[in-house]
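One structure is given here, and the rest of the page talks about it.
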Amino acid sequence: MVHAQLHCIFPQCDSRYSVNSDANACTECAGLLDVKYTGIDASSVKELAQLRRMNNTKVHDRSGVWRFRHLLPFYLEHAKKDDNLVTLDGMEGNTWPIHLTHAAEYAHLPSENVWFQFEGNNPTGSFKDNGMAAAFTHAKMLGRTYVACASTGNTSASVAAFAANELSQMRAAVFIGDGKIARGKLAKTLAYNPKVLQIAGDFDDAMSRVQEVAKSEGIYLTNSVNPFRLEGQKTIMHRVWEGLDWEVPDWVVVPGGNLGNCSAFGKAWHELYELGLTTKMPRIAVINAQGANMFYQLVQQGAVWNGGKVNREDYNRAFANAPKAHTRASAIEINKPVNFYKALRMLEWTNGVVSEATDDEMLEAQAVVNRNGYGCEPASAATLVGMKKLRAEGIIRPSDKVVGIFTGHLLNDAEALIEYHAGERKYQFSNQPVKVPNSLDAIVAALR
Ligand code: F0G
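Every position in the sequence shown, counted from 1, becomes a number in the working numbering once 684 is added.
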């Protein structure tokens, strides 16, 4: 019998709660919560996932999230069947790792050892759809009909699309920082028709406000502080594992903002290991934007999980006094990451590292990805910057198998691309349009 429960992540507290609760924090010690399982049948995980992938008739088997539902069976507490699983018609999570020659060369790594997974190819243009499938499933399980989030633009679009797809059964409100959102993301968010509140502040401000509002108004919170959302994001790693023919890579590299994704990745590998399905852990590298690098700084200063024995007052003070984040990679313009403690724990589990990327480095790496015929937004390109840096520092070795996750779609931030290629400033890989008179001779001459 599978059993799921919410546990406080701090072993010293270890308070437990029913999964039929929308608590995002431990009532005893305010710690973050994990969904924990007993009784998962590990024997048929690989076969089931593959069988389901071949089966194109059932919507939940087509979903890259629900194909792995036996590894996130929190919903079984509520109903003994799959009918309540929320999906964008099976479209979320249909991603897998691929090779990109130019990007691997750019990082000075042999292409055959490097894979990239484009989570921007999810229906709403980012990895968030993986998490939202699970969070909406949980919201429905609790009978909730109003959901909310704070966002730099991708979470908001995903929440809005999932709510819209539930037709009139689910309302969504999204809180965005005033002027802190790329236009492509604002456009897709508005388009899916949630209530959009533009808060006079940045993401960190919007995040604090939405947490207060969710609590006071009883609205279901879909940010990554919600442990069920991270259950969905675990499947990003399940697909990496499957894509590498069930081999565990040496490294997974991912950008860090609110630190939900890297925490979900750590949990995914930790669980596979505990279930005896794998025999090693990958190392996880988290890449902050240099202008939003509180996590990087605190780890540099010696922050470690230490089995949960951390001085939370010190860190809470550090976050209260954190400088305003400032980066061109607006997706990760975050200096008060809500999943800080889970991310610290992930570093301990995976012998992980944290690095940082400047805006120019991200824009250049983004252009390198484009030169392979693929695309991602600037924040996602932090992955390639980090890979290159860690290779240059000798931390990633040439023989290591490395997987980079690109988190968002190229067109989420079209302004960044136009500035890079056609703006005043020339960058290494700029592709300026050539201005020609409307005459055949001039056009032919320009083509030579
Ligand atoms: N990459 C992209 C494209 C993102 O949109 C985000 C977060 C991240 C990376 C960071 O992931 O928070 O799990 O560390 N975007 C959130 C949003 C904040 O509102 O769309 P994380």
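Note that the Cβ used here is the ideal one computed from N, Cα and C, for glycine as well.
Asked, Found
"Limits of the unbroken beta strand (DSSP E) element including HIS687", "687-692"
"Rounded straight-line distance, which links the Cα of GLY1092 to that of ILE693", "29 angstroms"
"Selection from GLY941, VAL983 and TYR1025 that minimises the alpha carbon distance to ILE1018", "GLY941"
"Residue range of the alpha helix (DSSP H) that includes TYR1025", "1024-1034"
"Pair within 8 angstroms by beta-carbon distance, ASN708 and ASN910", "yes"
"Residue environment, GLU955, which counts as buried when at least 16 other CB atoms sit within 10 Å", "buried"
"Residue from VAL686, HIS744 and SER795 with nearest C-alpha to PRO1134", "One cannot answer for residue 1134 here, as it falls past the ends of the chain, which runs 685 to 1132."
"Distance cut-off 7 angstroms: ILE1016 Cβ against heavy atoms of the ligand F0G", "yes"
"Beta-carbon contacts of ASN806 that lie in its chain and below 6 angstroms, excluding the five residues immediately before and after", "GLU776 and ASP813"
"Boundaries (first-last residue) of the alpha helix (DSSP H) holding TRP925", "911-927"
"Per-residue DSSP class, three states only, for ASP718", "strand"
"Heavy atom of the ligand F0G within 7 angstroms of ASN942 beta-carbon", "yes"
"Of the residues ASN907, GLU1103, ALA976 and TYR904, the one placed nearest ASN1115, counting alpha carbons only", "GLU1103"
"Heavy atom of the ligand F0G within 7 angstroms of GLU955 beta-carbon", "no"
"Separation of SER810 from SER702, as counted between CA atoms", "30 angstroms"
"C-alpha gap between PRO1121 and GLY1107, whole angstroms", "20 angstroms"
"CYS713: CB within 7 angstroms of a non-hydrogen atom of the ligand F0G", "no"
"Which listed residue (SER840, ALA791 and SER1039) has its alpha carbon closest to that of LEU874", "SER840"
"Own chain partners of LYS824 with C-beta closer than 7 angstroms, once the 5 adjacent residues on each side are dropped", "ASN768 and VAL770"
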